[in-house]
Amino acid sequence: MSAPVVWWIRRDLRLRDNPALDAAAGAGAVVPLFVVDEALWARSGDVRRAWMVRSLEALDRAMAGHLVVRCGPPATEVLAVATDVGAGVVHAAEDFGPYGRRRDADVGIALARAGVEVEWTGSPYAVEPGSVVKEDGSPFQVFGPFHRAWAARGWPAAAPPAPVTWADGGEGVALPDAPPVDAELPTAGEEAAQRRWEEFRDRALEQYAARRDEPAGDHTSRLSPYLRLGVLHPRTLLADLDPRRKGHAVYRSELAWREFYADVLWHHPGSARRSLKPALASLRVDRGQQADTHFEAWATGRTGYPIVDAGMRQLLGEGWMHNRVRMITASFLVKDLHIDWTRGARHFMRHLVDGDLASNSHGWQWVAGTGTDPAPYFRIFNPTTQGLRFDPDGDYIRRWVPELASLPAADIHTPWSDGMLPLGGAGYPPPVVNHQAERSEALARYEATRSER
DNA sequence: TTTTGAGTTGTTCGA
DNA sequence: GTCGAACAACTCAAA
């Protein structure tokens, strides 16, 4: 009888279409291992911790309770488990993030010293970061050409399910307790994820191009929390899409944005925390008491701009925010409050259940104009216009800003207009800044960085 | 090799 | 009210 192998689970909490698991299953009885890595755990907010724990519990149930959980440095724990069970090989999917790459290099060294092999198979992406390049071998800087090249490169079909024999991994450590969270999280687990995809696909995908920007109602897939942990692989979704149909094509391009940003992070690991455009490093941002007050108003959903406040409250209430509103709220922090994008990005990462370093950082950089494929600096979202355009009936505002629930649609985006509200009296604050004035201020600051060049 | 032009999730202004 | 232009700068691929 052959020795068992370890399947080290990181961002692939699923049993279907899982190349690393398939590779492990083909090599012997599988000891599925998850290591709670303090370095990552400490950085996650309560919502993502809770989501992680519930997702691991669901995975453990799906494999009849065989999941082995360890807490500690991965280089120590993976080796310890491999040694305990007598495994000569560890299988895992590749991680392309800056921390993951360093960690995996360390683990690889520690295992090699002990004579244990590591085999990396697959990744959380349809196309591996770093593998889509221009003719001359250099990385793409903008999404459009990347998207074309990415689609042209293509991806393998899902592998048929392979039988797995689970091995006894011995005494496991219990999962950490899921921290109590107020946010109502999605149902954890692969079956729930698959059901959600099928439900969305059959109900809303055809209308996706037309309605995906409406934050009221249920027009987006909401699969990001599952994709974040690899409960679903994007390949599974891509296999169901027909890019000749408009809604399908637009949904596919959203998956491509996710892959583009992972690719950018792979080429520029520092871009998670620092602006990619050096020219904009000199952009003047506000700090100090006044900025702290503004940041607090933004973070708690009390800026006086209804669409901004609705979004920020949805973030706290659900651990999730509609993509359109992420752009609006981010733009408001950067362009209206003149606060550094990294501060907003950290707040998002702390509260988002789907918080993904590559997508989050580069989404923020897009808004701030500091990233690859940036929005032109003069493209400044007007929160009132955006609210009117994408939440014309005001239903999204009513859901998250109950103080304004009684206002008619015509007024709900401008509660400061004559007689709509006794400002402050209904518990809703007046605008924290004047958008038109701050727009001019932002333009002036961006202009200043240009003349410095 | 060099040039050209399309593209880039928005807003404002003025006809 | 609607519509096109202007608001830069740069990437990238086609010509």
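Counted the way the working numbering counts, the first sequence spans residues 51 to 503. Where is the CB? At the ideal position from N, CA and C, for every residue including glycine.
Residue i - containing beta strand (DSSP E), residue span
i      : result
Ile389 : That residue, Ile389, is in no beta strand (DSSP E); it is neither H nor E in DSSP.
Ile59  : 55 to 59
Cβ shell of residue i (< 6 Å), same chain only, five flanking positions each side left out
i      : result
His317 : Pro189
Asp423 : Val192, Phe193
Arg261 : His269
Pro479 : Arg352, Gly354
Lys327 : Thr420
Val451 : Pro356, Asp359, Ala360
Pro535 : The chain is shown only over 51 to 503; residue 535 falls outside these bounds and no answer can be derived.
Tyr496 : Tyr427
Pro124 : Val85, Asp87, Arg153, Val157
Gly444 : Ala459, Ile462
Ala238 : Arg104, Ser105, Ala108
Phe310 : Phe193, Phe196
Glu144 : Trp170, Ser173
Residues that residue i bridges to, as DSSP identifies them
i      : result
Arg120 : Val85
Ala312 : DSSP lists no partner for Ala312.
Val168 : Val140
Val80  : Val55, Trp216
Supposed close pair residue i, residue j - CB separation, criterion 8 Å
i      : j      : result
Val140 : Val166 : 6 Å
Ala492 : His397 : Rounded, the Cβ-Cβ distance is 20 Å, inconsistent with contact.
Ala266 : Gly297 : Their Cβ separation, rounded to whole angstroms, is 19 Å, which puts Ala266 and Gly297 out of contact at 8 Å.
Ile447 : Leu438 : Ile447 to Leu438, Cβ: 11 Å. No contact.
Leu63  : Leu106 : 7 Å
Gly78  : Ala53  : 6 Å
Phe440 : Asp263 : 5 Å
Val131 : Val55  : That belief does not hold up - the Cβ atoms of Val131 and Val55 are roughly 11 Å apart, past 8 Å.
Ala306 : Trp414 : Incorrect: roughly 19 Å between the Cβ atoms, too far for contact.
Gly219 : Val118 : 4 Å
N-terminal and C-terminal residue of the alpha helix (DSSP H) that residue i is part of
i      : result
Trp348 : 339 to 349
Glu241 : 240 to 253
Gln415 : 407 to 418
Asn373 : 373 to 381
Val157 : 148 to 163
Ser105 : 96 to 112
Ser271 : Looking at the DSSP string, Ser271 is not in any alpha helix (DSSP H), and its letter there is neither H nor E.
Thr434 : 433 to 440
Thr286 : 284 to 288
Arg198 : 193 to 203
Arg505 : Residue 505 falls outside the range modelled here, since the chain spans only 51 to 503, and no answer is possible.
Tyr446 : 445 to 450
Ile462 : 459 to 462
Leu366 : 356 to 368
Asp67  : Where Asp67 is concerned, there is no enclosing alpha helix (DSSP H), given that its DSSP letter is neither H nor E.
Own chain partners of residue i with C-beta closer than 7 Å, once the 5 adjacent residues on each side are dropped
i      : result
Ile59  : Pro82, Leu83, Phe84
Gly474 : Since pLDDT at Gly474 reaches only 49, below the 50 mark, its modelled position is unreliable, and the value read off the structure follows with that caveat. Around Gly474: Pro480.
Phe428 : Leu493
Pro442 : Ala459
Ile378 : Ile357, Val358, Gly361, Phe431, Pro433, Gln436
Ala73  : His141, Glu169, Thr171
Asp390 : Val335
Same chain only: Cβ atoms within 8 Å of residue i, ignoring 5 sequence neighbours per side
i      : result
Arg203 : Val177, Ser181, Val182
Ser303 : His197
Gly405 : Ser94, Gly95, Arg98, Arg278, Phe398, Met399
Leu315 : Phe146, Gly147, Pro148, Pro179, Ser321, Ala322, Leu407, Ala408, Ser411, His412
Leu402 : Gly95, Val97, Arg98, Leu365, Gly369, Trp370, Met371, Asn410
Cys121 : Val85, Val86, Glu88, Glu127, Val223, Pro226
Ala208 : Arg66, Asp67, His283, Arg285, Thr286, Ala289
Gly76  : Ala212
Ala425 : Trp416, Val417, Gly419
Any non-hydrogen atom of the ligand SAM within 8 Å of residue i CB
i      : result
Trp216 : This structure lacks the ligand SAM, and indeed carries no ligand of any kind.
Discussion item. Does the segment 269 to 276 come into contact with the segment 224 to 231, if we say contact requires no fewer than three beta-carbon pairs (one atom in each stretch) closer than 8 Å?
Written reply: no
Worksheet item: Taking three-plus beta-carbon pairs below 8 Å as touching, is the segment 124 to 143 in contact with the segment 155 to 173?
Response: yes
Worksheet item: Any contact of the segment 150 to 157 with the segment 248 to 255, i.e. 3+ C-beta pairs under 8 Å?
Response: no
Worksheet item: Are the segment 106 to 125 and the segment 282 to 293 touching, with three or more C-beta to C-beta distances below 8 Å?
Response: no
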